[in-house]
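Novice:
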Amino acid sequence: MDASTIAVNTIVANTSGEVSSCDLPYNEDLEQFNSEYLRLTKQVAESCTDHDLSAESMIIGTSAVAQYEIDGAVGMYSGVFNNTFMIWGKYKRGLFKATLSVSFQFHHTQMDGAHAAKFLDILQREIDGVNV
856 MDASTIAVNT IVANTSGEVS SCDLPYNEDL EQFNSEYLRL TKQVAESCTD
906 HDLSAESMII GTSAVAQYEI DGAVGMYSGV FNNTFMIWGK YKRGLFKATL
956 SVSFQFHHTQ MDGAHAAKFL DILQREIDGV NV
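Every position in the sequence shown, counted from 1, becomes a number in the working numbering once 855 is added.
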């Protein structure tokens, strides 16, 4: 798969009190991706109009429901949304650390468990490198 066809989808709370969908083109440069994320999610929130990329894109679904405590999500496949999906909620503060539960689903026709574990390992290393 060509990286130019990969995108990340996020759900955006819009100004009408509902949610809209926003597809974000993949960008290996995290600062550029963040800049596009901020621009496009603001545009979608204000316009209440979805930003969808072409049907040829491989969309990785995400959902941040940071106002809620969740331990995971199951059964997200509906026949339409069969792409990889990641959801997270509120982080929990402990005595010496903060914990963020992540639910990650994928279809075995798209990747193997080893690929999923590698992705989650890379994600963890990125999180470990964040200076707060």
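Don't be surprised by glycine CBs; every beta carbon is placed ideally from N, CA and C.
All values derive from a computational prediction rather than experimental measurement.
Please report the Cβ distance between VAL899 and VAL863, rounded to the nearest whole angstrom; I am assuming they are in contact, meaning their Cβ atoms lie under 8 Å.
Specialist: Here residue 899 refers to the residue found at position 44 of the sequence shown. Here residue 863 refers to the residue found at position 8 of the sequence shown. About 13 Å; that fails the 8 Å criterion.
Novice: For MET913 versus THR860, is the C-beta spacing smaller than 7 Å?
Specialist: Here residue 913 corresponds to residue number 58 of the sequence shown, with the count starting at 1. Here residue 860 corresponds to residue number 5 of the sequence shown, with the count starting at 1. Cβ distance < 7 Å, so MET913 and THR860 count as in contact.
Novice: Tell me the rounded alpha-carbon separation between SER909 and CYS877.
Specialist: For this step, residue 909 is matched to residue 54 along the sequence shown. For this step, residue 877 is matched to residue 22 along the sequence shown. About 12 Å.
Novice: For THR870, does the count of other Cβ atoms within 10 angstroms reach 16, so buried, or fall short, so exposed?
Specialist: Looking up residue 870 in the sequence shown gives position 15. THR870 should be labelled exposed.
Novice: Can you give me the Cβ contacts of PRO880 inside the same chain, cut-off strictly under 6 Å, excluding the 5 residues immediately before and after it?
Specialist: The residue given as residue 880 occupies position 25 in the sequence shown. Excluding sequence neighbours, PRO880 sits near ALA862.
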